[in-house]
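**Q**
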Amino acid sequence: MPTPPRATTLDDAYRTCNHDKPLASDDQRYEDLSLARGDDTRRSIKSRITRAEPGEFAHIAFVSHRGAGKTTEILRICDDLKNDYFKYYFEANLELDERHITAEDLLLALAMGLEEHFAQSDLALPEALVADVQKWFSEIVTSTTWGKQLSADLGFATSVGFEVPIFAKLKTELKALLRTEGTYKTQVQEAFRRYPSTLRQHVNNLLDAANQRLGEKQLLVVIDNLDRYDPKVVDDLLFKGSRSLQQLRCHLIVTPPIALHFKPVSERIDQAFEPEQMFAVRLRAQEQPYTAFDPNARGRKLLLEALDKRMDVGKLIPDRAAQDRLVSASGGAIRDLLRLVRESIILAHGAVIDLPTIERAAIRLRSTFRDLINANGWELTLAKIMRDHRVSSEPACMDVLYQQLAFKYNGTIWYDVHPLVAELPEVLAAHAKFATESKDGTGSAKAE
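Residues 45 to 492 in this note's numbering are what the sequence shown lists, from first letter to last.
And the structure:
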């Protein structure tokens with residue numbers, strides 16, 4: 045896909061600064077932010093994959109705050125490895141129910157998608173193997189009430205053999221079912237749950253065939269957007285039942301919620317996967333004000349360079365004070381930087397974005413944060429993070445990390461709230477109260 049031209053008008057800048065669209069692997073707008081993050085996850089992940097023992101597979105959990113740019117980095121990793129590894133990229137929240145996901149859902153979708161992907165890539169898997177897998181899938185599906193009704197609707201009996209064209213009809217309906225919630229999907233899940241080892245074996249047979257079909261190359265499966273799900277849902281997916289994902293015979297990258305890395309529900313991620321963590325871009329030192337920039341950090345410079353690849357910053361945001369406010373208000377999150385740019389473009393009255401316009405955009409985003417915080421009673425939790433620069437054991441800490449209201453920065457490894465959160469009166473009042481209690485000897489300077 046060709047890279048969109050660098051925007052020289054606000055209209056074009058609005059389109060090229062879409063914060064919800066990851067950059068393709070060959071997009072020239074990409075900026076390597078690893079020096080500002082203080083990590084090198086892209087190199088580390090590639091090293092884990094390429095240095096795996098022959099016959100062994102790297103299973104990697106890539107974690108960061110949502111919106112930090114994981115997908116863009118993953119696509120770059122896959123492109124870097126394309127000469128020796130064949131990518132199968134799976135977006136869980138688009139292919140499956142966006143709120144709940146089970147191992148059965150994922151294995152079914154993975155098997156169907158993998159077979160299709162190889163066929164479309166002129167690397168069709170062995171017909172006999174595919175037919176065997178499809179026959180078993182059909183038998184399980186048509187043992188349910190939903191499957192029997194579907195069989196009748198499609199005009200074939202469940203007692204006869206299942207040919208590939210028949211399964212193709214079933215597959216279309218099954219893929220649609222997996223994106224929904226309801227009794228019928230539960231029936232299908234429970235039917236496959238009775239045969240966990242058989243389901244896993246069929247998927248692994250497809251993976252084995254895929255690796256053989258690739259010859260000198262190896263298969264790399266990416267299951268992205270798991271961080272969009274509730275941590276408990278993903279914990280069940282990764283660790284409960286038969287722990288099927290851990291037994292897949294392929295190189296695998298998954299993206300669980302960062303909360304599972306910090307506060308495991310049942311097991312630590314590093315007990316089953318090789319964890320790699322990507323930090324937020326650091327703009328300031330821990331002791332500096334939220335509007336300051338650390339002269340020894342490259343965050344401000346690199347974020348503006350990343351933005352300048354999308355739009356002519358010097359022309360469209362000519363005022364340095366406006367640039368500084370834009371960058372500092374993002375907290376080092378590339379998604380929020382682009383989000384603030386787009387909101388500023390909507391609010392702009394002229395041909396450029398000035399400081400008052402950026403302030404209005406920041407007020408809108410801050411208001412969104414404020415409603416979320418007040419509705420959940422998170423102001424005390426956020427004030428503690430401001431005070432201590434670390435997270436505590438309370439569940440709300442994981443909630444505010446999940447909602448991108450606080451970030452983890454590299455260097456001395458410290459946490460802090462989003463700069464716009466630090467401007468909220470409720471959070472400031474709670475923070476001031478903690479400071480007063482500490483001076484009076486009535487409170488602790490440490491989180492509970």
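Yeah, the Cβ is synthetic: ideal placement off N, Cα and C, and Gly gets one too.
Around the Cβ of residue 204, are there at least 16 other Cβ atoms within 10 angstroms (buried) or fewer (exposed)?
**A** With a pLDDT of only 46 at residue 204, under 50, the local geometry of the prediction cannot be trusted, and the value read off the model is given with reservation. Exposed, by the Cβ-count rule.
**Q** Please classify residue 422: does DSSP put it in a helix, a strand, or coil?
**A** Looking at residue 422 - three-state DSSP - the assignment turns out to be coil, as it is neither helix nor strand.
**Q** Buried or exposed for residue 206, please, with buried defined as at least 16 other CB atoms from any protein chain shown within 10 angstroms of its CB.
**A** Per-residue confidence for residue 206 stands at a pLDDT of 48, beneath the threshold of 50, marking its modelled position as unreliable; the derived number appears in the next sentence. Buried, since its Cβ has 16 or more Cβ neighbours within 10 Å.
**Q** Using C-beta distances below 6 Å, list every residue in its chain close to residue 49, excluding the 5 sequence neighbours before and after it, in chain order.
**A** Contacts found: none.
**Q** Our contact map puts residue 442 next to residue 307 with C-beta atoms below 8 Å; I'd like the distance itself, whole angstroms only.
**A** Confirmed, about 5 Å.
**Q** Could you name the residues of the same chain whose beta carbon sits closer than 8 Å to that of residue 140, not counting the 5 residues immediately before and after it, in chain order?
**A** Cβ neighbours of residue 140 beyond the five flanking positions: 149, 150, 153, 222 and 223.
**Q** Does the Cβ of residue 269 have 16 or more other Cβ atoms within 10 Å, making it buried, or fewer, making it exposed?
**A** Buried: at least 16 other Cβ atoms inside 10 Å.
**Q** Beta-carbon within less than 7 Å of residue 366's beta-carbon, same chain only, minus the 5 sequence neighbours each way: which residues are those?
**A** Around residue 366: 397, 398, 399 and 402.
**Q** What does the alpha-carbon distance come out to for the pair residue 430 and residue 459?
**A** Using only the alpha carbons, I get a separation of about 8 Å.
**Q** Please report the residue range of the alpha helix (DSSP H) in which residue 178 lies.
**A** Taken as a continuous stretch (DSSP letters only), the alpha helix (DSSP H) holding residue 178 covers 171-185.
**Q** Identify whether residue 472 lies in helix, strand or coil by the three-state DSSP scheme.
**A** It is helical.
**Q** By Cβ distance below 6 Å, which residues in the same chain neighbour residue 361 in space, the five residues on each side in sequence not counted?
**A** Correct list, in chain order: 367 and 397.
**Q** Looking only at C-alpha atoms, which of 395, 380 and 173 sits nearest to residue 405?
**A** If we check each option's Cα against that of residue 405, 380 comes out closest.
**Q** For residue 437, count the other beta carbons within 10 Å of its own beta carbon; 16 or more makes it buried, fewer makes it exposed. Which is it?
**A** So residue 437 counts as exposed.
**Q** Helix or strand or just coil, what does DSSP make of residue 367?
**A** DSSP places residue 367 in helix when its eight states are reduced to three.
**Q** Grouping DSSP H, G and I as helix and E and B as strand, with all else coil, what is residue 355?
**A** Residue state, collapsed to three classes: strand.
**Q** What residue does the beta strand (DSSP E) around residue 319 start on, and which one ends it?
**A** Here the beta strand (DSSP E) through residue 319 covers 318-321.
**Q** What does the Cβ neighbour count give for residue 295, buried or exposed, with the cut at 16 atoms within 10 Å?
**A** Per the 10 Å Cβ criterion, buried.
**Q** Smallest Cα separation from residue 474: which of 450, 348, 427 and 409?
**A** Nearest C-alpha to residue 474: 427.
**Q** Taking all protein chains shown into account, do 16 or more other C-beta atoms lie within 10 angstroms of the C-beta of residue 260, making it buried, or fewer, making it exposed?
**A** Label assigned to residue 260: exposed.
**Q** Work out the CA separation of residue 371 and residue 332 for me, nearest whole Å.
**A** Each residue's alpha carbon lies about 15 Å from the other.
**Q** Looking at residue 350: is its Cβ nearer than 7 Å to the Cβ of residue 75?
**A** Yes, Cβ-Cβ distance for residue 350 and residue 75 is below 7 Å.
**Q** Along the chain, which unbroken stretches of the alpha helix (DSSP H) at least 4 residues long are found entirely within the region 272-300?
**A** DSSP runs (the alpha helix (DSSP H)) wholly in the region 272-300: 275-283.
**Q** Since residue 162 is in the beta strand (DSSP E), which residue starts that stretch and which ends it?
**A** From DSSP, residue 162 is part of no beta strand (DSSP E) but of the alpha helix (DSSP H) over 147-164.
**Q** Where DSSP assigns a beta bridge to residue 7, which residues make up the other side?
**A** Since the displayed the chain opens at 45 and closes at 492, residue 7 lies outside it and no answer follows.
**Q** Can you give the Cα-Cα distance for residue 339 and residue 385, rounded to whole angstroms?
**A** In a straight line, the C-alpha of residue 339 is about 24 Å away from that of residue 385.
**Q** Can you look up residue 461 in the DSSP assignment and give me helix, strand or coil?
**A** Reduced to three states, the DSSP call for residue 461 is strand.
**Q** Could you work out which residue in 226, 299 and 316 is closest to residue 135 when comparing CA atoms only?
**A** Nearest C-alpha to residue 135: 299.
**Q** Using only the alpha-carbon positions, how far apart do residue 335 and residue 376 sit?
**A** Using only the alpha carbons, I get a separation of about 12 Å.
**Q** Suppose only complete runs of 3+ residues qualify. What are the beta strand (DSSP E) ranges in the region 74-119, listed by chain order?
**A** The qualifying runs are 103-107.
**Q** Output the distance between the C-alpha atoms of residue 33 and residue 247, rounded to the nearest integer angstrom.
**A** Residue 33 is absent from the structure shown; the chain starts at 45 and stops at 492.
**Q** Among all the DSSP beta bridges, which residues are the ones paired with residue 264?
**A** BP columns for residue 264 point to 131 and 295.
**Q** Indicate whether residue 496 and residue 104 have their beta-carbon atoms separated by less than 7 Å.
**A** Only positions 45 to 492 of the chain appear in the structure, and residue 496 is not among them; the question remains open.
**Q** List the DSSP bridge partners of residue 450.
**A** For residue 450, which the question treats as bridged, DSSP gives the partners 461.
**Q** How about residue 214 and residue 182: do their beta carbons lie closer than 7 Å?
**A** Their beta carbons are under 7 Å apart, which means residue 214 touches residue 182 by this criterion.
**Q** Where do the ends of the alpha helix (DSSP H) carrying residue 236 lie?
**A** From DSSP, the alpha helix (DSSP H) with residue 236 extends over 227-237.
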